[in-house]
Amino acid sequence: MIKSKYKVKIGITMGDPSGIGPAVTLKSVERLKGVAELVIIGDAWVLSKIRGHKVTSASIIDLANVARKNFVFGKVSAEYGRASLDYLGRALQMLKEKKIDCLVTSPVSKEA
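What follows is the structure in structure tokens.
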């Protein structure tokens, strides 16, 4: 087996801020720790609200695009749908600019 010092840089979008996306993202980051260089594209404040999880093994591109006032997990909202699209748009831009090598998307709400 050929070993390389180069680690793949994986961009992970956070998905729907009020859905399961943030939790899925954090669990994925924990499992992939040390395997690749991980970059989360999302909202750091929302990620900080996930109980029992702390981002230590990934960098975060914080779009800070979720209103803090009245934020509720489990709420379907057009605002959260737009936020999901913002994460995807930034990730695609990073992919085109070769700032990440590949992209993984967390779940989004089709209703939002």
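Okay, so the sequence shown: first residue is 5 according to the working numbering, each after it adds one. Here a beta-carbon is modelled for each residue, glycine too, at the ideal position from N, C-alpha and C. Predicted model only: the values in this text are computed from it and were never measured.
| Item | Value |
| --- | --- |
| With DSSP collapsed to three states, give me the class of S61. | coil |
| Could you tell me which of H57, W49, T29 sits nearest to A71, measuring between CA atoms? | W49 |
| Mind checking whether G46 and T29 have CB atoms under 8 angstroms apart? | yes |
| Fully enclosed by the stretch 77-111, which alpha helix (DSSP H) runs are 4 residues long or longer? | 82-100 |
| Around the Cβ of S88, are there at least 16 other Cβ atoms within 10 angstroms (buried) or fewer (exposed)? | buried |
| Excluding five sequence neighbours on each side, which residues of the same chain lie with their C-beta closer than 7 angstroms to the C-beta of S22? | V76, F77, G78, K79, S81, Y84 |
| V12: buried (16+ other C-beta within 10 angstroms of its C-beta) or exposed? | exposed |
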